[in-house]
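Q: Its first residue numbered 127, the sequence shown is counted upward by one per residue in this note's numbering.
From the three backbone atoms N, C-alpha and C, an ideal C-beta is built for every residue, glycine too.
Okay, here's the structure, questions in a sec.
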Amino acid sequence: MAYYSTEVAGFVSLFFYASFFEWILHRFLMHEPFWTYPFRSHALIHHGIFRSGPTYFLAQDEDLKKVRFAWWNAPLILGLHALLLLWIQHLLHVNIFFGGMAALGLYYLLYEYLHFCMHVPNERWIEKTVWFSWLDSHHHMHHKRHFNNLNVVLPLADFVFGTLVPARDRIPMPQRPGKSLALTPESPANSPLN
Ligand SMILES: [Zn+2]
Ligand SMILES: [Zn+2]
């Protein structure tokens, strides 16, 4: 019983931790030129292609790769955290490794999936939820103001660090004639939510 309770505590703690890790990574590695690779691929390329208003959405399929992280980011980030969690588990003599890694893996998957749905909408069920609508508006504001709303999944760190700017302007999906992502002009999802 104690084994499971520490793993559950590890899951909850690491999910909250991930909000702060996401914020720091996004603010200092992806928006400051300390390390050329993440700055270039995010601040220059991702934000250069995806701006605010209609340019928030994918306009041409060639830019699909500019929405997601490179494949090797996941094993790098999760691998380093696996070592850290094993070390903490060893120091504290509590089992948190599997719960903690599950939380980090889930957070990473949510980041990639939600961020993809934000820039490449396609009438998925999740896009119609109030929760996603709020997160989508939150991220749209980040594409207007690069040093605000740095969280994509859980804006806890934005709230704690004072970078949360309330956003209500979720914008309608643009039409893409001839593409699967296109909506008809009559579609209810084509009208502004706010
Ligand atoms: Zn984005
Ligand atoms: Zn950014």
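Taking the C-alpha atoms as reference points, what is the distance between W260 and L184?
A: If I take the Cα positions, the gap works out to 19 Å.
Q: At which residue ranges does the segment 182 to 265 contain complete alpha helix (DSSP H) runs of 4 or more residues, listed in the order of the chain?
A: Segments of the alpha helix (DSSP H) lying fully in the segment 182 to 265: 199 to 218, 223 to 245.
Q: Flag this pair as touching only if the segment 241 to 257 and the segment 173 to 183 have three or more C-beta atom pairs under 8 Å; answer yes or no.
A: Contact between the segment 241 to 257 and the segment 173 to 183 is present, because at least three Cβ pairs lie under 8 Å.
Q: Are three or more beta carbon pairs between the segment 226 to 237 and the segment 136 to 146 nearer than 8 Å?
A: The answer is yes - the segment 136 to 146 touches the segment 226 to 237, with three or more Cβ pairs under 8 Å.
Q: Quick one, which of H264, H207, R271 has its alpha-carbon nearest A169's?
A: Closest by alpha carbon: R271.
Q: If distances are taken between C-alpha atoms only, which option among H269, H268, L240, H266 comes closest to T255?
A: When each option's Cα is compared against that of T255, the closest is L240.
Q: Regarding M156 and ligand 2, is the C-beta to nearest heavy atom distance less than 7 Å?
A: Answer for M156: yes, Cβ within range of ligand 2.
Q: According to the neighbour-count rule (16 or more other Cβ atoms, all chains shown, within 10 Å of its Cβ), is T132 buried or exposed?
A: With 16 or more Cβ atoms within 10 Å of its Cβ, T132 is classed as buried.
Q: Would F223 pass as a contact of L211 if the rule is Cβ separation under 8 Å?
A: Cβ distance < 8 Å, so F223 and L211 count as in contact.
Q: Looking at the secondary structure, which residues open and close the alpha helix (DSSP H) in which F88 lies?
A: Nothing about residue 88 can be read from this structure; the chain reaches only from 127 to 320.
Q: Near V291, which residues of its chain fall below 8 Å by C-beta distance, leaving aside the five closest residues on each side in sequence?
A: Within the same chain, V291 has close Cβ partners M267, R271, N274, N275.
Q: Output the distance between the C-alpha atoms of M156 and F147, rounded to the nearest integer angstrom.
A: Straight-line Cα distance between these residues: approximately 12 Å.
Q: Please report how far the alpha carbon of Q215 lies from the alpha carbon of D187, in whole angstroms.
A: So the alpha carbons of these two residues sit roughly 44 Å apart.
Q: Is DSSP giving L280 helix, strand or coil here?
A: Note: L280 maps to coil in three-state DSSP.
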